[in-house]
Every structure is written in structure tokens, then in C-alpha cells.
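Residue numbers (full-length UniProt numbering): 1 to 453.
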């Protein structure tokens, strides 16, 4: 797996920024040529899911235009994006474990991201919404795809440890493309519960706020995504996913297609007219007048639904003025203005966060290129395959419950020699960093050096 997870720490040079942008734009061009074909638009878009294996994306083995999404983002890229989200976009970072929000043991800050490492080792998944604001290549990819196809789109990162899952079966109000970056993930996709051809509005998503208990039926697709594969999921299709023996990182390119329809725009436009564009007298009437008048007798009684002629005329006038302000041309202009505003906000947030990333030394005391060794006064005891590690300093003993998958790593460190983090034996590249970060906090390890300056 290490061959598909480059671990190099992102540099802060202008040349690396240009290279990251070029990386994203080339990926978008390849994506457009290999995925967004005429047959895709005709047969799959908003109709049915599509799994494209990495091998099918290559025209020929030495194809120079092929972009391999396997390892497209590194462990250090994820560490950087996570730390940047903590300080600059905290609402975007979600931690889930087996369908439920995971409560962190501590408050996150620039100087304390340790609770995140503990959460991952405890089986929790990271979900980073709006990750395109936090990653140069991902931002360039989304911007190019928006420019060429979707007007606006954004990216979400999903990092899931082995033998786990983040969220319950659910449907989305978006069309999404999943790019498997490393590891594997097993997916089941089910037909939409709504009538055939009916695409859901945002408030018709299922499995988000509460568990969806209806019978899902037989899946219309079962697929295991490997690094470099792509999965397209149309809006409204119920889906679920879990990892098996290895961790998974995928990027979801999201197109908010529920906003593209007539219905949501008409709803927003009517709200806008009611609040901002009616004559003052009619605006007051719309807020004050009742569909069913109050009882007239002092004793109360049955409300009357019989309206006088003046009331009917006023109500009809309200509808007439609303309808007069709604037409297809203005709807299209308003829709495009809305998406351009979304693009402006996206670019503004990205620029702000990249400036923060360049100016601040993010809380990455540990990276894949860091060199660590067991502290000289520590004796480590951990047999391969064990879920317990003991560290002795004189008469003091620290006993830690660990994942058995980390036992080889800790056993290796017992030699007191310096080790580059990415070279330590561990099947999960992100777990490797998490274990070292926790041991640093426990003062069991010491940091010899790092390429971070």
C-alpha cells in the first residue's frame, strides 16, 4: 500500500503552488475525457450509478494523458488539510464512528490536534467538507470541472480506518463522483425510495437526521473501490460503505444538483419577492392578513373560511404580482448569479486559508518524513500481534492498549535507533503517524528531526 501513498510533506514554495494547480487542472482534463463522455451523460447522469475501475481509465499502459488518482493526495496532505480545517474552517471537520458523531476527548486548536489522532486510533472517521478550500490540487480540480461542466462544485475528504464505517445508509441531494485515493472500500447502492424518475429535494434526503428503517431491498450495485477507481452516485440513490482490512481515503466531487431545478429556485424567488420586492401595503398585508379570520364573537367559536370580495381581490393581487416577477430568463440569470456568488465565496475562503497555511507553522510535530526514536531512558515491551504495549522508565510503568496492527511498529522502535516515520512497519499509513504522535505526547518517543522547518 505504501507505493500508492506518497508521504512527502507539501512545501511552501511558489513553484510547488504552481505544480499543485497544474496537477489539479490536468486531473480535470483527464476526468473530462475519461469519465464525462457522451455515453455517461446519456446513460448515467442522474439515472444510475457507475463504477469505473482504474484499468478502464487508461487508453494504453504508457498513456501520458492518464491521471492516476491512486495516491493523488498523500498522508501529509491529509494532515495539513485537517490541521488547517481546525484553525480556519472548523465547521467543515466532522468526526463520525459507525453512523454517529464521535465525541473528541479535548478541544481542538492549532496547538492541540492530539484528540484527532486518538479518535482515528479508536476507529473514528474524518469527514472534511469543503476540502477544496484546504488543498491546492483539489481546489484546481474542482475549479476546472466547474468551469468546464458544472458551474460550481466542491470536494469532500473521507478518511476511514480499517473495519469501520462513517455514516449509516442514506441518500443525498447531490450528484457525486468518488475518487478512491488509497486503500479499498466496499459499497452497496440501492434504488431511490422515491417514484422512478423523481429526484429528491434537499428536505427529502433519508438517513441523515435519523436512521432509515425501511426495507432497502436488493442493491442495484455492489462494488469494491480500489485506489484509482471512480464511482458515480446519482442524487437520491441510497448507499452505504465500509472498510475491511485496510484504511480508505476517498475524495467526493460534489455537484449540488438539487439547487439546479425549477422547484428550489421558484421557492427561493417567492421568498425573495415576499420580503423585498412588493409594494409596502401589499407586503404588510402578506405578513398580517390571515387565511382563516379570527372568530368575531367574544365567546370564540368556529373560524370561518368564507372570504369577502375585498380579501379575495387582495390575495389575487398578491399572486399576480409574484407571478409577474417570475420568468425563465430572470430565473436563469438569478441561478447563474447565485452560483457565481458561491464560486466567489469558495475562492475567497480558499485564498484566505492558503495565506494562513503559508504563514503559520501548522500543528504537525510529526509527519511521514519525521525521524523518531525511543527516548533513551525508556524500555519498550510489545510483542508482535499483541494489543498491549508497556513502557518502563525506572520504576514507573506506562501500559497502553493499542491496536494489534501497531505492535510491529512499537516492537521496531524498541531498538532505540532513529527511524523515519514512513519506514516504520504498519499496514495503515495514517495509523503509523497517529501512533507516533500519541507516543510523542506520552514522552515515550522523541523527535530527532523533521524536514519541516
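All residues carry an ideal CB built from backbone N, CA and C; glycine is no exception.
Distance from the CA of residue 376 to the CA of residue 208, rounded to the nearest whole angstrom, comes to 50 Å. Of all alpha-carbon atoms in 312, 219, 87 and 111, the one lying nearest the alpha-carbon of residue 48 is that of 219. Collapsing the DSSP output to three states places residue 188 in a strand.
Non-local beta-carbon contacts of residue 217 in its own chain, meaning distances under 8 Å to residues more than five positions away in sequence, involve 190 and 191 in chain order. In the structure shown, the three-state DSSP call for residue 417 is coil.
Distance from the CA of residue 31 to the CA of residue 397, rounded to the nearest whole angstrom, comes to 54 Å. In this chain, residue 38 is not harboured by any beta strand (DSSP E); it is covered by the alpha helix (DSSP H) spanning 38-43. A straight line joining the alpha-carbon of residue 339 with that of residue 151 spans about 7 Å. When the beta-carbon positions are compared, residue 102 and residue 83 stay at least 7 Å from each other. Residue nearest to residue 432 within the set 154, 167, 162 and 355 is 162 (criterion: CA-CA distance). Your pair residue 226 and residue 180 checks out as a contact, with CB atoms roughly 6 Å apart and the cut at 8 Å. Taking 7 Å as the cut-off, the Cβ atoms of residue 166 and residue 96 count as close.
Counted as a single uninterrupted DSSP element, the alpha helix (DSSP H) harbouring residue 288 occupies residues 280-288.
Below 8 Å, too few C-beta pairs join the stretch 123-142 and the stretch 327-337 to call them touching: fewer than three. According to the DSSP assignment, residue 160 belongs to the beta strand (DSSP E) that extends over 154-160. The stretch 77-91 makes contact with the stretch 345-354, as at least three CB pairs between them are under 8 Å.
Under the three-state reduction of DSSP, residue 218 is assigned to coil, being neither helix nor strand. Judged by DSSP in its simplified three-state form, residue 183 adopts strand. DSSP lists no bridge partner for residue 173. Judged by DSSP in its simplified three-state form, residue 70 adopts coil rather than helix or strand. In the same chain as residue 105, and ignoring 5 residues on each side of it, the C-beta atoms closer than 7 Å to its own belong to 115 and 118, in chain order.
Put simply, of 441, 428, 368 and 27 the residue whose alpha carbon is nearest the alpha carbon of residue 230 is 27.
DSSP places residue 389 in the uninterrupted beta strand (DSSP E) bounded by 388-393.
Taking 8 Å as the upper bound for CB-CB distance, residue 409 and residue 424 are in contact here, some 5 Å apart.
Residue 155 holds the alpha-carbon nearest to the alpha-carbon of residue 346 among 393, 155 and 267.
If one requires a minimum length of 3 residues, the beta strand (DSSP E) runs lying completely within the stretch 217-267 are 221-225, 230-233, 238-242 and 248-255, in chain order. Ranking 254, 416 and 203 by CA distance to the CA of residue 373 puts 416 first. Straight across, the Cα-Cα distance linking residue 252 with residue 177 is about 6 Å. With respect to the 7 Å criterion, residue 153 and residue 146 are classified as neighbours on the basis of their beta carbons. With contacts defined by Cβ atoms closer than 7 Å, residue 202 and residue 258 form a contacting pair. Under the three-state reduction of DSSP, residue 94 is assigned to strand. Distance check between residue 159 and each of 149, 435, 140 and 182 places 182 closest, using alpha-carbon atoms only.
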